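Counting in my numbering, the sequence shown runs from 16 upward without gaps. Cβ atoms here follow ideal geometry from the backbone N, Cα and C, with glycine treated the same way. These numbers come from a predicted model, not from an experiment. What follows is one structure encoded as structure tokens, with my remarks underneath.
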Amino acid sequence: MNFFVTSAFVGGFIMVFGLLSAKLRAKLCISEAPLAVVLGIILGPACLGFLSFESPETREIWTLNISRIVIDIQVMAVAVGLPSRFVLTEWKSLLSMLLPGMCLMWAVSAGLVQAFLTALMIASCFTPTDPVLSSAIVQGHYAERNVRSTLRHLIAAESAANDGLGYPFLFIAVYCMKLGGAEGAKEWVLHAVLRGVFLSIAIGIVLGMVGRFLLKQCHKRKMIDAESLHIASFGMALFLLGVVSLIFSDDLLACFAAGCALSWDEWYKTNTNRVYFSEPWHEFAAVSIWRLVVLAILVLLLRRLPSTLLLYKITPAILDWKEALFAGWFGPIGVGAVFYYGVAIENFEPHGPFAYAREILYPVVYFIVLASVIVHGLSIPAYIGYRFLRKVWSGSGSDEESLADTVSVMTDAQITLNGVTLVRPPLPIVMSIGKEGLDVDTKKGPSPSVQAATAEKATDEKAAEAPKHQSITIEENPPTGSRNKQDSGLPI
Numbered sequence: 016m017n018f019f020v021t022s023a024f025v026g027g028f029i030m031v032f033g034l035l036s037a038k039l040r041a042k043l044c045i046s047e048a049p050l051a052v053v054l055g056i057i058l059g060p061a062c063l064g065f066l067s068f069e070s071p072e073t074r075e076i077w078t079l080n081i082s083r084i085v086i087d088i089q090v091m092a093v094a095v096g097l098p099s100r101f102v103l104t105e106w107k108s109l110l111s112m113l114l115p116g117m118c119l120m121w122a123v124s125a126g127l128v129q130a131f132l133t134a135l136m137i138a139s140c141f142t143p144t145d146p147v148l149s150s151a152i153v154q155g156h157y158a159e160r161n162v163r164s165t166l167r168h169l170i171a172a173e174s175a176a177n178d179g180l181g182y183p184f185l186f187i188a189v190y191c192m193k194l195g196g197a198e199g200a201k202e203w204v205l206h207a208v209l210r211g212v213f214l215s216i217a218i219g220i221v222l223g224m225v226g227r228f229l230l231k232q233c234h235k236r237k238m239i240d241a242e243s244l245h246i247a248s249f250g251m252a253l254f255l256l257g258v259v260s261l262i263f264s265d266d267l268l269a270c271f272a273a274g275c276a277l278s279w280d281e282w283y284k285t286n287t288n289r290v291y292f293s294e295p296w297h298e299f300a301a302v303s304i305w306r307l308v309v310l311a312i313l314v315l316l317l318r319r320l321p322s323t324l325l326l327y328k329i330t331p332a333i334l335d336w337k338e339a340l341f342a343g344w345f346g347p348i349g350v351g352a353v354f355y356y357g358v359a360i361e362n363f364e365p366h367g368p369f370a371y372a373r374e375i376l377y378p379v380v381y382f383i384v385l386a387s388v389i390v391h392g393l394s395i396p397a398y399i400g401y402r403f404l405r406k407v408w409s410g411s412g413s414d415e416e417s418l419a420d421t422v423s424v425m426t427d428a429q430i431t432l433n434g435v436t437l438v439r440p441p442l443p444i445v446m447s448i449g450k451e452g453l454d455v456d457t458k459k460g461p462s463p464s465v466q467a468a469t470a471e472k473a474t475d476e477k478a479a480e481a482p483k484h485q486s487i488t489i490e491e492n493p494p495t496g497s498r499n500k501q502d503s504g505l506p507i
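Dropping the structure here:
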């Protein structure tokens with residue numbers, strides 16, 4: 016694959032998408048991921064043939080190394096962007112999403128593929144949730160308006176952490192296939208768990224804490240400029256990628272731990288003001304397209320959604336089944352699966368005893384990634400389009416109305432309505448912007464998650480008695496201490 020041709024197309028896509036990004040993201044809720052996939056298909060050997068690999072070996076090297084770099088940087092970015100001490104304050108939610116949640120996703124995905132050990136290896140590749148696609152979803156305009164910040168941060172944190180925790184799931188199958196039961200279990204505990212998980216977390220925490228201390232001291236003494244401070248996390252991600260990979264540990268998990276430690280008190284995020292932002296067609300046909308389609312449908316429906324609905328009652332950050340439905344559906348599969356595919360095939364010879372498992376891994380993983388990018392990337396635009404068309408067909412709207420005419424107030428801000436202060440509004444307040452001005456509908460009752468709070472109920476009653484066409488004042492800095500348990504349980 017010609018490096019200069021690739022650079023030209025990638026750079027051109029970034030510039031063109033950047034020119035239209037506000038319209039695409041804010042109005043149509045379309046991220047760059049599905050558009051980039053479509054462009055790659057058009058430029059690849061299946062269509063125009065501008066981008067192609069010389070051999071399968073070259074493809075595998077590019078796949079593993081590029082996906083490793085992308086995932087490490089994105090995992091670090093997600094961790095740095097989390098609120099202060101989020102991993103500690105929401106540890107119960109993260110634990111329930113990561114341990115039983117990942118085990119259930121792994122087991123369900125493996126159950127959809129034949130051949131037990133091969134199925135476990137394939138399922139481990141798309142068990143982790145992709146942080147690149149998750150960030151595009153939870154940081155989008157629609158999600159910021161309609162989804163609580165705690166839930167958005169939970170999805171982002173879980174997607175970054177479970178990418179690193181994919182190592183034990185992958186290597187339990189690899190070691191059992193290569194070494195057998197007892198010897199494989201021993202190697203798995205020593206290398207995948209102790210060295211792969213615990214050592215990488217320790218390295219990441221130490222480097223993140225040391226890095227935060229040094230950056231603070233240098234910034235205090237004006238020894239570091241703004242540009243170098245901004246790229247410090249980028250440099251740390253690349254440093255961990257090299258060092259942790261040399262000792263055969265888990266660089267993804269190390270990057271997540273380092274990012275959390277670096278931004279533990281939000282000093283780094285505050286001072287940088289950060290905003291985070293191969294073509295297997297013949298193999299698809301060889302496996303049978305209809306089987307891949309059926310598998311993709313089953314994986315997307317059963318891999319994550321049932322387990323999230325099952326576990327949401329022990330996940331404090333998810334308040335009701337509607338939020339569980341949102342968190343369960345938006346668990347996209349992307350670059351993380353491609354990375355684990357590259358790691359898996361490194362452990363098997365092309366013509367060895369497990370050549371079939373190595374061969375079948377490629378079309379299955381890539382097709383699932385393609386299906387996830389298309390389905391998850393277009394879910395919100397399709398939902399908004401459906402709502403808009405239904406509104407037009409029912410006669411309650413007109414062509415002049417914008418898709419954003421009806422906005423649900425889902426914010427961490429403090430809202431004052433006719434002298435009544437609502438912190439994390441306990442009831443849905445829908446603002447309809449029409450020809451007659453601002454209309455405030457407060458007829459709906461409080462959410463089930465706050466019905467037990469007497470003070471909140473009293474505030475609801477006062478707000479519900481207020482006439483329509485009220486003025487609303489939003490203060491962007493609510494009092495500290497109004498977080499966590501007072502989160503609104505508003506429907507999405």
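Burial of I45 is indicated by the presence of at least 16 other C-beta atoms within 10 angstroms of its C-beta. Distance from the CA atom of V95 to the CA atom of L268, rounded to whole angstroms, is 13 angstroms. Here I88 is buried, its C-beta having at least 16 other C-beta atoms within 10 Å. Annotated three-state conformation of M238 is coil, per DSSP.
Straight-line measurement puts the Cα of I329 at about 12 angstroms from the Cα of E105. The shortest C-alpha to C-alpha distance from L166 to any of F101, N362, I348 and A247 is the one to F101. Comparing alpha carbon positions, the residue from L54, G226, I137 and L97 closest to Y371 is I137. A residue is called buried when at least 16 other Cβ atoms come within 10 angstroms of its Cβ; R319 meets this threshold and is buried. Taking A176 as the centre and dropping the five residues before and after it, the same chain places the C-beta of L109, L113 and F271 closer than 7 angstroms to its C-beta, in chain order.
Between L127 and C191, the C-beta spacing is not below 8 angstroms. The continuous alpha helix (DSSP H) containing I137 extends over residues F131 to C140.
Bounds of the alpha helix (DSSP H) holding P321 are L320 to L326.
Per DSSP, the continuous alpha helix (DSSP H) segment holding V95 begins and ends at P71 to V95. Taking the CA atoms as reference points, L35 sits about 49 angstroms from G367.
For the options S278, W336, V350 and F382, the alpha carbon positioned closest to that of L313 is the one of F382. In this structure, the CA atom of K231 is about 29 angstroms from the CA atom of I170. Taking all protein chains shown into account, D265 has 16 or more neighbouring C-beta atoms within 10 Å of its C-beta and is therefore buried. Contact annotation: F141 and I348 have beta-carbon atoms nearer than 8 angstroms. Annotation for I57: L63 place their beta carbon closer than 7 angstroms to its own, counting only its chain and skipping 5 residues before and after. In chain order, A51 and L54 place their CB closer than 7 angstroms to the CB of F28, counting only its own chain and leaving out the 5 sequence neighbours on each side.
Inter-segment contact for the stretch 383–394 and the stretch 358–365 is absent: fewer than three beta-carbon pairs are separated by less than 8 angstroms. Excluding the 5 residues flanking it on each side, I187 has same chain C-beta neighbours closer than 6 angstroms at W203, in chain order. In the displayed model, L334 falls within coil according to three-state DSSP, outside both helix and strand. Under a 10 Å Cβ-count criterion, A273 is classified as buried, with 16 or more other Cβ atoms of the shown protein chains found around its own Cβ. Note on geometry: alpha-carbon atoms of L205 and W121 lie some 21 angstroms from one another.
Membership of W305 in the alpha helix (DSSP H) is indicated by the continuous run I304 to L317. DSSP places T144 in the coil class of the three-state scheme, outside both helix and strand. Collapsing the DSSP output to three states places C118 in a helix. The beta carbons of Y355 and G181 sit about 6 angstroms from each other, so the pair counts as a contact at 8 angstroms. Cβ contact annotation for F24 (same chain, cutoff 8 angstroms, sequence separation greater than five): L54, L58, F65 and L66, in chain order. The beta carbon of V189 lies closer than 6 angstroms to those of N362 in the same chain, with the five residues before and after it left out. In this structure, P98 lies near E281, with their beta-carbon atoms less than 8 angstroms apart. A direct Cα-to-Cα measurement between L135 and A125 gives close to 5 angstroms.
Of the candidates R210, S243, E374 and K406, the residue whose Cα lies closest to the Cα of L261 is R210. Beta-carbon to beta-carbon, I220 and A276 are separated by about 5 angstroms, close enough to satisfy the 8 angstroms threshold. If you compare the alpha carbons of Y283, E338 and R74 with that of S164, the shortest gap goes to E338.
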